[in-house]
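Let me begin by presenting the structure, written as structure tokens, before commenting on it.
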Amino acid sequence: PAEVAQALERLRSAGKIHSAGVSNHTAAQVDALRAHLPFDLATVQNEFSPLVIEPLSDGTLDQAMQHGIAMLAWSPLAQGRLAVSAEDAPVEPRVAAVIHALDAVAARAGTPRSAVAYAWVMAHPARPIPLIGSQNPARIREPRSAYSVQLTREEWYRILVAARGARMP
Numbered sequence: 718p719a720e721v722a723q724a725l726e727r728l729r730s731a732g733k734i735h736s737a738g739v740s741n742h743t744a745a746q747v748d749a750l751r752a753h754l755p756f757d758l759a760t761v762q763n764e765f766s767p768l769v770i771e772p773l774s775d776g777t778l779d780q781a782m783q784h785g786i787a788m789l790a791w792s793p794l795a796q797g798r799l800a801v802s803a804e805d806a807p808v809e810p811r812v813a814a815v816i817h818a819l820d821a822v823a824a825r826a827g828t829p830r831s832a833v834a835y836a837w838v839m840a841h842p843a844r845p846i847p848l849i850g851s852q853n854p855a856r857i858r859e860p861r862s863a864y865s866v867q868l869t870r871e872e873w874y875r876i877l878v879a880a881r882g883a884r885m886p
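Under this note's numbering, the first residue of the sequence shown is numbered 718, with each subsequent residue one higher.
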């Protein structure tokens, strides 16, 4: 971490960067790097979706809120697994359960399932920012509708329960 921090500080002092962020770092790795930086990190980019929920429990989102670090959520559609058509839906029970929970909200809200998945990610108090990646222009425009999805706490929790495969203790 010290060597990385020194390199980032040299880049910042030279005016080549204004701020810095990290990707695929655990909360402990971010803490280790922060201990050597004379400035705070702007972003942390980790995978987070209704299927990949580890940032909820591994300290990533808590740390982002505590230190004002923007959380960039890569693969908010779980590498496309949440964007498949009903005919192509997976047989893996947990994935099917999450898709079912997302579809229930999508039907109520009159919006695509993907918009509900983005809305679920953005509904966390850390305000994660979903990163959109596609070569399909329609898929790039689709997330706009996520801003109109108003998830109730119960709906958000149902999606979480589907992802966990169990209710919270």
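Note that beta-carbon positions come from the ideal geometry of N, C-alpha and C, so glycine has one too.
Subject >> Val747 and Val761 closer than 7 Å at C-beta >> reply: Here residue 747 is taken as the residue at index 30 of the sequence shown, counted from 1. Here residue 761 is taken as the residue at index 44 of the sequence shown, counted from 1. Closer than 7 Å, so yes.
Original post:
Sorted by chain position, which residues of the same chain lie with C-beta nearer than 6 Å to Leu725's C-beta, five sequence neighbours on each side aside?
Top reply: For the purposes of this step, residue 725 is identified with residue 8 of the sequence shown, where counting begins at 1. Closer than 6 Å at Cβ, skipping near neighbours: Ala737.
Original post:
Quick one: Cα of Leu799 to Cα of Ala824, how far?
Top reply: What you label residue 799 is simply residue 82 of the sequence shown in a count that begins at 1. What you label residue 824 is simply residue 107 of the sequence shown in a count that begins at 1. Distance between the alpha carbons of Leu799 and Ala824: 15 Å.
Original post:
Under the criterion of a Cβ to heavy atom distance below 6 Å, does Gly732 qualify as lining the ligand COA?
Top reply: With respect to the ligand COA, the structure shown offers nothing to examine, as it has no ligands at all.
**OP:** Measuring alpha carbon to alpha carbon, tell me which of Trp837, Ser802 and Thr777 ends up nearest Val922.
**Re:** The question about residue 922 has no answer here: the residues shown for the chain are numbered 718 through 886.
Original post:
Are there 16 or more other CB atoms within 10 angstroms of the CB of Pro842, so buried, or fewer, so exposed?
Top reply: On the sequence shown, residue 842 is found 125 positions in, with the first residue counted as 1. The residue is exposed, with fewer than 16 neighbouring Cβ atoms inside 10 Å.
Original post:
Unbroken beta strand (DSSP E) runs of length 3 or more, entirely within the segment 762-822: which are they?
Top reply: Runs of the beta strand (DSSP E) inside the segment 762-822: 787-791.
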